[in-house]
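**Q** My questions all concern the structure below.
Number of protein chains: 2
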Amino acid sequence: MTATIHPQLTILAPGLLGGSVARAARLHGAAQRIVVWARRPASRLALSQQPWCDGVANTPEDAVRQASLVVIAAPVDKIVPLIQQIAPALPPGSLVTDVGSVKGEISRLGAAAVAPHAHFVGAHPMAGSEKTGWEHGMAELFQKRTCFITPLAETAPHAIAAIAAFWSQLGAQVVAVAPDEHDRIVAHISHLPQVIASNLCAALARENPTWRNFAGGGLRDTTRIAASDAQLWRSILEQNRDEVLGALGKFQAELAAFQTALAHRDYAAVVAQLERGKAYREQFLPAP
Amino acid sequence: MTATIHPQLTILAPGLLGGSVARAARLHGAAQRIVVWARRPASRLALSQQPWCDGVANTPEDAVRQASLVVIAAPVDKIVPLIQQIAPALPPGSLVTDVGSVKGEISRLGAAAVAPHAHFVGAHPMAGSEKTGWEHGMAELFQKRTCFITPLAETAPHAIAAIAAFWSQLGAQVVAVAPDEHDRIVAHISHLPQVIASNLCAALARENPTWRNFAGGGLRDTTRIAASDAQLWRSILEQNRDEVLGALGKFQAELAAFQTALAHRDYAAVVAQLERGKAYREQFLPAP
Numbered sequence: 006m007t008a009t010i011h012p013q014l015t016i017l018a019p020g021l022l023g024g025s026v027a028r029a030a031r032l033h034g035a036a037q038r039i040v041v042w043a044r045r046p047a048s049r050l051a052l053s054q055q056p057w058c059d060g061v062a063n064t065p066e067d068a069v070r071q072a073s074l075v076v077i078a079a080p081v082d083k084i085v086p087l088i089q090q091i092a093p094a095l096p097p098g099s100l101v102t103d104v105g106s107v108k109g110e111i112s113r114l115g116a117a118a119v120a121p122h123a124h125f126v127g128a129h130p131m132a133g134s135e136k137t138g139w140e141h142g143m144a145e146l147f148q149k150r151t152c153f154i155t156p157l158a159e160t161a162p163h164a165i166a167a168i169a170a171f172w173s174q175l176g177a178q179v180v181a182v183a184p185d186e187h188d189r190i191v192a193h194i195s196h197l198p199q200v201i202a203s204n205l206c207a208a209l210a211r212e213n214p215t216w217r218n219f220a221g222g223g224l225r226d227t228t229r230i231a232a233s234d235a236q237l238w239r240s241i242l243e244q245n246r247d248e249v250l251g252a253l254g255k256f257q258a259e260l261a262a263f264q265t266a267l268a269h270r271d272y273a274a275v276v277a278q279l280e281r282g283k284a285y286r287e288q289f290l291p292a293p
Numbered sequence: 006m007t008a009t010i011h012p013q014l015t016i017l018a019p020g021l022l023g024g025s026v027a028r029a030a031r032l033h034g035a036a037q038r039i040v041v042w043a044r045r046p047a048s049r050l051a052l053s054q055q056p057w058c059d060g061v062a063n064t065p066e067d068a069v070r071q072a073s074l075v076v077i078a079a080p081v082d083k084i085v086p087l088i089q090q091i092a093p094a095l096p097p098g099s100l101v102t103d104v105g106s107v108k109g110e111i112s113r114l115g116a117a118a119v120a121p122h123a124h125f126v127g128a129h130p131m132a133g134s135e136k137t138g139w140e141h142g143m144a145e146l147f148q149k150r151t152c153f154i155t156p157l158a159e160t161a162p163h164a165i166a167a168i169a170a171f172w173s174q175l176g177a178q179v180v181a182v183a184p185d186e187h188d189r190i191v192a193h194i195s196h197l198p199q200v201i202a203s204n205l206c207a208a209l210a211r212e213n214p215t216w217r218n219f220a221g222g223g224l225r226d227t228t229r230i231a232a233s234d235a236q237l238w239r240s241i242l243e244q245n246r247d248e249v250l251g252a253l254g255k256f257q258a259e260l261a262a263f264q265t266a267l268a269h270r271d272y273a274a275v276v277a278q279l280e281r282g283k284a285y286r287e288q289f290l291p292a293p
């Protein structure tokens, strides 16, 4: 992959991820000029004072007119409308990517919206935080993290290579998969854990909220992501509903079998299941 | 609570928690002399070379003969037998506590075994790690962590005060509750999260183990405790089976309601549940 310096990187609707893309791009010299657009005028004013921001535009269209690369950092339900809005203003040959957690619909509609004069290659960096807002962005957020890119069969190879090179430059480990395969993977390794953490917290809140004051490190870690933004997750779960329901059903079946084993004092089965979980967890790659 | 310096602290069967008790007691000057006993001769040899170990005994009885305070650090299924074994060798007026994660049976049988010449007050520090072994012990492990103590109605007040003072001296925040109440609390805030993490990992292992290589921080944190020792957890789940099944049933009901909401596209209910989880998690005390 060739690391190019983009003449102008434009970031639309930066939140935690967009703010991190800007900082990382500046740190690693991925762009000569970084331009942003945010919906709220107060955010635009604050963004104009950031060292990693060279220009702020008042409209998405103005923001992309000179861009060689555009990163759509909006919540998943706002990504396709934004791409459709900027499409006529995109320069010929420009590249568009995003950071959305669901990729099927976005990849197909995004590519269709910008064709044929520009190229869309969806992306999903497996990095984040329970915090929101570009103020919390970090240049190192993508370091050694997986970043999925989800080209279509018909995506131009040079566009795929350029988007892969960009995310690699920010420190991510790029993995290319088909959009639907991506959605199936993250339903299991990201969306299901979120659903579990949120529901565990909701169950504990119903039982006795003051018990949380006794929490050890196990409960803290297991539930950290439950503090994530509910509206962001609503959009993600809505867009990836079928896959999430599939993954959830498998987890429920696993839990039901465990419950049966424990209820029947079948401790051999209990231990076997604990051992399966342990073996899986112990083979995680070292934390970035 | 008055912090006394114990003439001799004896720690039986030290693992991660016992090794941490010894280091913390040395750091905070809680004991003049620290004596340990471990089952394996090789462990006794290695323990004798630790700076926080003043003496190693070859039998549990020998280890406690001069003790003013004994900490039983064995796995939960070994605690009562050890207390019964050392009871005749305990000096008059000596104190015995433990670190077991389940407290009902241990508190009752422990107190009965050492009475009337000695006093047992069960304890459960809400601290630990997915690691095991006294080699991984840390003097700071209990700092600002909850430590439950579970006296019985008939436990001598001076014994309760002394055990509370000891755990406070190690840095813990001591919370006294009845043994059965303790078991109900930890079934929810410790044992249920363990069951969930293990089963999530088991479900993901069944689906496609290689996906773990893409894991972001969410999956890492949510599943960290799944790497815990399976046999230790088998004993805990066995001793606290009824309470764990109760907590698990409530979680399953919560999850089933969420599944129904998502399946029926009732996104108001989905968001409400996510918000409930978020509100609960956001009010955790700051991490120690």
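Those protein sequence lines, which keep their order, are chains A and B.
The first sequence lines up with residues 6 to 293 when you count with this note's numbering.
The second sequence lines up with residues 6 to 293 when you count with this note's numbering.
The beta carbon of each residue, even a glycine, is placed where N, CA and C say it ideally should be.
Only a predicted model underlies this, so the values are computations on that prediction, with no experimental measurement involved.
1. Do the stretch 13-20 of chain A and the stretch 129-144 of chain A make contact, defined as three or more Cβ pairs closer than 8 Å?
2. In whole angstroms, what is the alpha-carbon distance linking A/Ile91 and A/Arg70?
3. Just verifying my parser: in three-state terms, what is the DSSP assignment at B/Phe147?
4. At the level of alpha carbons, what is the spacing between A/Met6 and A/Ala79?
5. In three-state terms, what does DSSP make of A/Arg246?
6. Taking the alpha carbon of A/Ala292 as the point to measure from, which residue in B/Asn218, B/Ser233, B/Gln278 has its own alpha carbon closest?
7. Buried or exposed for A/Gly34, going by 16 or more other Cβ atoms inside 10 Å?
8. Pick from A/Lys83, A/Ala116, A/Arg45, A/Val40: whose alpha carbon is nearest that of A/Ala320?
9. Where B/Ala72 and B/Ser106 are concerned, what is the direct C-alpha to C-alpha distance, given to the nearest angstrom?
10. Can you give me the C-alpha to C-alpha distance between A/Glu15 and A/Ala43, rounded to a whole angstrom?
11. Following the continuous alpha helix (DSSP H) through B/Trp172, name the residue where it begins and the one where it ends.
12. Assign A/Gln89 to one of three DSSP states: helix, strand, or coil.
13. Can you give the Cα-Cα distance for A/Gly115 and A/Thr151, rounded to whole angstroms?
14. List the residues of chain A that B/Trp216 touches, going by C-beta distances under 7 Å, in chain order.
15. So that I know if they touch, is there some Cβ in chain B lying closer than 8 Å to that of A/Asn204?
16. Any idea which residues DSSP pairs A/Ala348 with across the strands?
17. Can you find the residues in the same chain that come closer than 7 Å, C-beta to C-beta, to B/Val179, ignoring five residues on each side of it along the sequence?
18. Could you spell out where the beta strand (DSSP E) holding A/Thr15 opens and where it closes?
19. Any contact of the stretch 217-233 of chain B with the stretch 187-207 of chain A, i.e. 3+ C-beta pairs under 8 Å?
20. Measure the beta-carbon distance from A/Arg246 to B/Leu267 and round it to whole angstroms, keeping in mind my assumption that it falls under 8 Å.
21. Taking DSSP as the reference, what is the three-state secondary structure of B/Cys58?
22. Counting only beta-carbon separations shorter than 8 Å, does B/Ile201 have a partner in chain A?
23. Who are the neighbours of B/Ala116 on chain A, taking C-beta pairs under 7 Å?
24. Drop a sphere of 10 angstroms on the beta-carbon of B/Arg211, count the other beta-carbons inside from all chains shown, and report buried for 16 or more, exposed for fewer.
25. What span of residues does the alpha helix (DSSP H) with A/Ala269 cover, start to end?
26. Using only alpha-carbon positions, find the residue among B/Pro96, B/Val101, B/His122, B/Gly127 that is nearest to B/Lys108.
27. What does B/Lys149 touch in chain A if you count any residue whose Cβ is under 8 Å from its own?
28. At least one CB of chain A closer than 8 Å to the CB of B/Leu279: is that the case?
29. Name the residues in the stretch 91-119 of chain A whose C-beta lies less than 8 Å from a C-beta of chain B; which are they?
30. Does the Cβ-Cβ distance between B/Val200 and B/Val249 come in under 8 Å?
31. Based on the DSSP output, what are the partners of A/Gly127 in its beta bridges?
32. Once you ignore the five residues that flank A/Arg189 on each side, which residues in its own chain have a CB closer than 6 Å to its CB?
33. Looking at the strands, I want to know which residues DSSP matches up with B/Thr102.
34. Would you list the one or two residues that DSSP bridges to B/Val182?
**A** The relevant details are as follows:
1. yes
2. For the purposes of this step, residue 91 of chain A is taken as residue 86 along the first sequence, with counting starting at 1. For the purposes of this step, residue 70 of chain A is taken as residue 65 along the first sequence, with counting starting at 1. Rounded to the nearest angstrom, the two C-alpha atoms are 9 Å apart.
3. Taking the first residue of the second sequence as 1, we reach residue 147 of chain B at position 142. Coil at B/Phe147, not helix or strand.
4. Position 1 of the first sequence holds residue 6 of chain A. Position 74 of the first sequence holds residue 79 of chain A. Note that A/Met6 has pLDDT 48, beneath the 50 cutoff, so the model's placement of it is unreliable and the number below is only indicative. Rounded to the nearest angstrom, the two C-alpha atoms are 27 Å apart.
5. Reading the first sequence from its first residue, position 241 is the one you call residue 246 of chain A. Three-state DSSP puts A/Arg246 in a helix.
6. For this step, residue 292 of chain A is matched to residue 287 along the first sequence. The shortest C-alpha separation from A/Ala292 is found at B/Asn218.
7. In the first sequence, the residue the question calls residue 34 of chain A occupies position 29. A/Gly34 comes out exposed.
8. Nothing can be reported for residue 320 of chain A: it is not among the residues displayed for chain A, which extend from 6 to 293.
9. Within the second sequence, residue 72 of chain B is the residue found at index 67, counting from 1. Within the second sequence, residue 106 of chain B is the residue found at index 101, counting from 1. If I take the Cα positions, the gap works out to 24 Å.
10. As a working mapping, residue 15 of chain A is identified with position 10 in the first sequence. As a working mapping, residue 43 of chain A is identified with position 38 in the first sequence. One point to set straight first is that residue 15 of chain A is Thr, not Glu, in the sequence displayed. Approximately 11 Å, taken between the alpha carbons.
11. Here residue 172 of chain B is taken as the residue at index 167 of the second sequence, counted from 1. Taken as a continuous stretch (DSSP letters only), the alpha helix (DSSP H) holding B/Trp172 covers 162-174.
12. By 1-based counting over the first sequence, the position of residue 89 of chain A is 84. DSSP, read as helix, strand or coil, puts A/Gln89 in helix.
13. As a first step, residue 115 of chain A is located in the first sequence; it is residue number 110 there, counting from the start. As a first step, residue 151 of chain A is located in the first sequence; it is residue number 146 there, counting from the start. About 22 Å.
14. Here residue 216 of chain B refers to the residue found at position 211 when the second sequence is read from its first residue. Within 7 Å Cβ-Cβ: Ile190, His193, Ile194.
15. Position 199 of the first sequence, counted from the first residue, corresponds to residue 204 of chain A. Interface residue, yes.
16. For chain A, the structure presents residues 6 to 293; residue 348 of chain A sits outside this window and is missing.
17. In the second sequence, residue 179 of chain B corresponds to position 174, counting from 1. Only Cys152, Ile154, Ala169, Trp172, Ser173 meet the Cβ criterion.
18. By 1-based counting over the first sequence, the position of residue 15 of chain A is 10. Its beta strand (DSSP E) spans residues 11-17.
19. yes
20. In the first sequence, the residue the question calls residue 246 of chain A occupies position 241. In the second sequence, the residue the question calls residue 267 of chain B occupies position 262. So it is a contact: roughly 6 Å between Cβ atoms.
21. Locating residue 58 of chain B in the second sequence gives position 53, counting from the first residue. Coil at B/Cys58, not helix or strand.
22. Residue mapping note: residue 201 of chain B aligns to position 196 of the second sequence, counting from 1. It does; some Cβ of chain A falls within 8 Å.
23. Numbered from its first residue, the second sequence carries residue 116 of chain B at position 111. Result: empty, since nearest Cβ-Cβ is about 23 Å, beyond 7 Å.
24. Position 206 of the second sequence, counted from the start, is the residue given in the question as residue 211 of chain B. Result: exposed.
25. The count along the first sequence starts at 1 and reaches residue 269 of chain A at position 264. Per the sequence shown, the amino acid found at residue 269 of chain A is His instead of Ala. Careful: A/His269 lies outside any alpha helix (DSSP H) and carries neither H nor E.
26. As a position in the second sequence, residue 108 of chain B is number 103, starting the count at 1. The residue with the shortest Cα to Cα distance from B/Lys108 is B/Gly127.
27. What you label residue 149 of chain B is simply residue 144 of the second sequence in a count that begins at 1. Simply none; closest approach about 11 Å.
28. Numbered from its first residue, the second sequence carries residue 279 of chain B at position 274. Chain A, which has a Cβ nearer than 8 Å to the Cβ of B/Leu279, makes this yes.
29. none
30. Counting from one through the second sequence, the residue named residue 200 of chain B turns up at place 195. Counting from one through the second sequence, the residue named residue 249 of chain B turns up at place 244. For B/Val200 and B/Val249, yes; Cβs fall inside 8 Å.
31. Counted from its first residue, the first sequence places residue 127 of chain A at position 122. Answer by DSSP bridge pairing, in chain order: A/Thr155.
32. To locate residue 189 of chain A, count along the first sequence from 1; it is residue 184. Cβ within range, chain order: Glu248.
33. Along the second sequence, read from residue 1 onward, the residue named residue 102 of chain B stands at position 97. DSSP, once it has assigned bridges, lists B/Val76 as partnering B/Thr102.
34. Position 177 of the second sequence, counted from the first residue, corresponds to residue 182 of chain B. DSSP lists no partner for B/Val182.
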